[in-house]
Each structure stands twice: as C-alpha cells, then as structure tokens.
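Undergrad: When you read off a place in the sequence shown, starting at 1, and then add 534, the result is the number in the working numbering.
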Amino acid sequence: MRSFIIGGAGFVGSHLTDLLVSRGPVTLYDNLTVGKREFVARHLETGAATLVQADALDLDALEAAMAGHDVVFHLAANPEARWGLERPRLDLEQGTIATWNAMEAARRNGVTRFVFSSSGTVYGDVSDPRGEGDLGSLPISLYGASKLAGEALLSAYSECFGLRCTICRFGNVVGPRGTHGAILDFCNKLRAHPDHLDVLGDGRQAKPYLHVTDCAAGLLFVLDHAPGSLAIYNLAPPDTTSVRRIAELCVAASPHKSARIEYGGGAQGWPGDVPQSRLLPDKLAALGFRVRHSSDRAVELAVAEIAREVFGA
Ligand SMILES: NC(=O)c1ccc[n+]([C@@H]2O[C@H](COP(=O)([O-])OP(=O)(O)OC[C@H]3O[C@@H](n4cnc5c(N)ncnc54)[C@H](O)[C@@H]3O)[C@@H](O)[C@H]2O)c1
C-alpha cells in the first residue's frame, strides 16, 4: 500500500506515519508551516517515508507528488480555529480550497481511497451529544464551516467520480508533538509568565479530548473497515474534560506550582468557540473500534507528555 498524507509532518500526521510505515511506503506532503521534519525524522532516515515540502494550494505540485499512490489522508488545515477571526480568508483557502485540491489531485491520479480529518465543530453550538446524523445546527466558526464544506465536497466527489471517502470528525486531539491546543498553550504561557496563567473563558468549557495515539489508530481502522462509498464517523471518547481541569493539571505538571489561574470570564473562549461539545462514538464502536483512553485520561497523559516537552524532564 502506497500512502500519501497531506499534512503528514504535523501532529496527527506524524503519529499516523508511525503506524502506516509498516504497510508500505509513505509520502508526506507538507509545507512545514506548522509541521516539523523532526516529528518524522526517523522514518525519513530509514527511507520508510519521503517528505515533499510543498503547498496543498499548488494543485500541479500536489497532483504530481500524488501519482502512484493508493490511499490519500488529507490532514492539512488551518491549525487554530480562532485565527479565522484575524484572517477571514484563511479557512476558505487552507480548508475548503485545499480540500478541493486534494480530491481533485486524487481524481486526476485515479486514487480510489480518501480519508478526511473533519471536526466536531461541524455540529455547531450544541451541548447535547451529537451522532453522525445530527447536523441540526450549523458551524459557528469559519474553521467549522470549512470542515463542513470539505465534507460536502467529499460527498459530491464520491458520488460523481467514484472516490471512496471516509470522514472522521475528531474531538480535540492531544498528546506529544502537539503543535497547538490548550495544553501546549497553557504550558507555553506558564514558561513565559511563571506567576500566573491566563485562561480564556470561565474555565467551564468542556469538550471530548482524544489521545493522538487513538486518533491515528482510528484513522487506520476506518481505512480498513469503513463500508461503502461515503462513511462518516465521530472519532472521540464519550466523555468530556473541562478547561479548568486542564489548567489545574498544567500548573501541577509545571515547575511553577504556585501560579495563579486567572479566568477571562464568559462561557466562550472566543467568538466561534463551542463551549460545550460531546460526540457520540457509537457508530464507530458498532463497526468495532473503541478509543483506549477516556477524555480525562487522554488529558492526563497529554499534560505529562507536553509538560516534558516544554519544561524538560
Ligand atoms: N488537533 C486537533 O485537536 C484537531 C481536532 C479536530 C480536527 N483536526 C484536524 O485534523 C487535521 C490534523 O490536525 P493536526 O492537529 O495534526 O494539525 P497540524 O497543524 O499539526 O498538522 C497539519 C499539517 O498540515 C501542514 N499544512 C497546513 N497547511 C498546509 C498547506 N496549505 N499545504 C501543505 N501542508 C499544509 C502543516 O504544516 C502541518 O504539518 C487538521 O485537518 C485538523 O483540522 C484536528
């Protein structure tokens, strides 16, 4: 199996690469704006993976690099949902257009298998648990809107061109080699200002946190088991963890244990942030896949892993 990962040198992509290399050659297509060569260095050194440093917005380069591959994982995206507030075109380009390019390059190359990293943000601002068929409300961030647009494009490509597509709606992914997210953000803030930790919102925001090893394993599982021409799965634990809990764990794992936690207030971290979200994992469980770690456990593991990366052993 020849695998092609767009965004393969990033956080999730590098962990997916760790698993995929045992199945055959892996090409990592990444502009390295966020991803790092060091995340995948050992696979580059052994020759199990190859890095193509190029942009998903360059359709010609993407089409050329994708030739000869059997399966495409599309993981590249704007890494921070709130960046869309400062740059409203960002998600249109890095989300929607990059996803169209990825599918179009796959179509031109005759690739038949495509896996897309979507997000629970497609469900919008709803606090009750959401299953895959529950698109009752619409996304409230430009990031979420671009993910939903990407899903719609996959649906159309699967129908019109016979591309077999699988969509995974992730919870918040956490773990080592993180490039963004609350845990890394809190640890970096504590390193810069050891006496206090500023937290956006009132700390009661609660979301499902998915350990990155579960995320990578889930992506491989759907590749092997998702039926039909288009399948959609939530990929998340059933429980949630509060931002307050994450902040407290980060302070406790840092060398700055007496740092004050200061909450900005308000239910949302920023406009577009979904304060409470819960994803039902039942559909993927019925197919045979369950995450190993609950949300609380994934956060505990990730805080320890990221604190080691930021503060040292
Ligand atoms: N991490 C999470 O909590 C989370 C949650 C839900 C969904 N997702 C989705 O999962 C995917 C992977 O997320 P991640 O956390 O690994 O992010 P990441 O930023 O670490 O990885 C994305 C990679 O894509 C690369 N990239 C970005 N734009 C590119 C472009 N135009 N051309 C080529 N390469 C480009 C980056 O350099 C990076 O290596 C993303 O699509 C993200 O939206 C992530």
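Note that beta-carbon positions come from the ideal geometry of N, C-alpha and C, so glycine has one too.
Whose C-beta lies closer than 6 Å to the C-beta of Ser-689 among residues of the same chain, with five residues either side of it excluded?
TA: Leu-764
Undergrad: Quick check: is any heavy atom of ligand 1 less than 8 Å from the C-beta of Tyr-657?
TA: Answer for Tyr-657: no, Cβ out of range of ligand 1.
Undergrad: Candidates Gly-798, Ala-820 and Pro-789: which alpha carbon is nearest Glu-843's?
TA: The shortest C-alpha to C-alpha distance from Glu-843 to any of Gly-798, Ala-820 and Pro-789 is the one to Pro-789.
Undergrad: Give the straight-line distance between the Cα atoms of Val-785 and Ala-686, rounded to the nearest whole angstrom.
TA: 41 Å
Undergrad: Tell me the DSSP bridge mates of Ser-651?
TA: Under DSSP, the beta-bridge partners assigned to Ser-651 are Cys-702.
Undergrad: Between the stretch 719 to 734 and the stretch 667 to 676, are three or more C-beta pairs nearer than 8 Å?
TA: no
Undergrad: Answer yes or no: do Gly-684 and Ser-661 have a C-beta to C-beta separation smaller than 9 Å?
TA: no
Undergrad: Can you tell me whether DSSP reads Asn-722 as helix, strand or coil?
TA: helix
Undergrad: Which residue comes first and which comes last in the alpha helix (DSSP H) that contains His-577?
TA: DSSP places His-577 inside the alpha helix (DSSP H), whose first and last residues are 575 to 580.
Undergrad: Please state the DSSP three-state secondary structure of His-482.
TA: This structure gives no information on residue 482, because the portion of the chain shown stretches from 535 to 847.
Undergrad: Tell me, please, whether the stretch 603 to 610 touches the stretch 630 to 639 by the rule of three or more beta-carbon pairs shorter than 8 Å.
TA: yes
Undergrad: For Lys-817, does the three-state DSSP call read helix, strand or coil?
TA: DSSP places Lys-817 within a helical segment (H, G or I) once states are collapsed to three.
Undergrad: Between Trp-617, Thr-655 and Thr-646, which has its C-alpha nearest Phe-695's C-alpha?
TA: Thr-646
Undergrad: Just checking Ile-717 against ligand 1 - is the residue's beta carbon closer than 8 Å to any of the ligand's heavy atoms?
TA: no
Undergrad: Would you tell me roughly how many angstroms separate the C-alpha atoms of Ser-692 and Gly-709, rounded to the nearest one?
TA: Taking the straight line from one Cα to the other gives about 32 Å.
Undergrad: Give the range of the beta strand (DSSP E) segment to which Arg-794 is assigned.
TA: First-last of the beta strand (DSSP E) with Arg-794: 794 to 797.
Undergrad: Which whole runs of the beta strand (DSSP E) in the stretch 598 to 638 are 3 residues long or more, in chain order?
TA: Segments of the beta strand (DSSP E) lying fully in the stretch 598 to 638: 605 to 608.
Undergrad: Ligand 1 heavy atoms versus the CB of His-730: any closer than 8 Å?
TA: Flag unset: Cβ of His-730 not near ligand 1.
Undergrad: Please determine, among Ile-539, Arg-641, Thr-567 and Arg-623, the residue with the shortest C-alpha to C-alpha distance to Val-649.
TA: Ile-539
Undergrad: Compute the Euclidean distance between the alpha carbons of Val-837 and Val-546, then round it to the nearest angstrom.
TA: In this structure, the straight-line span from the alpha carbon of Val-837 to that of Val-546 is close to 17 Å.
Undergrad: In three-state DSSP terms, what is Leu-734?
TA: coil
Undergrad: For Asn-706, which residues of its own chain have a beta-carbon under 6 Å away from its beta-carbon, when the five flanking residues on both sides are left out?
TA: Lys-741 and Tyr-743
Undergrad: Tell me the DSSP bridge mates of Lys-741?
TA: Thr-775
Undergrad: Looking at ligand 1, does it come within less than 8 Å of Ser-652, judged from the CB to the closest heavy atom?
TA: Checking the Cβ of Ser-652 against ligand 1 gives yes.
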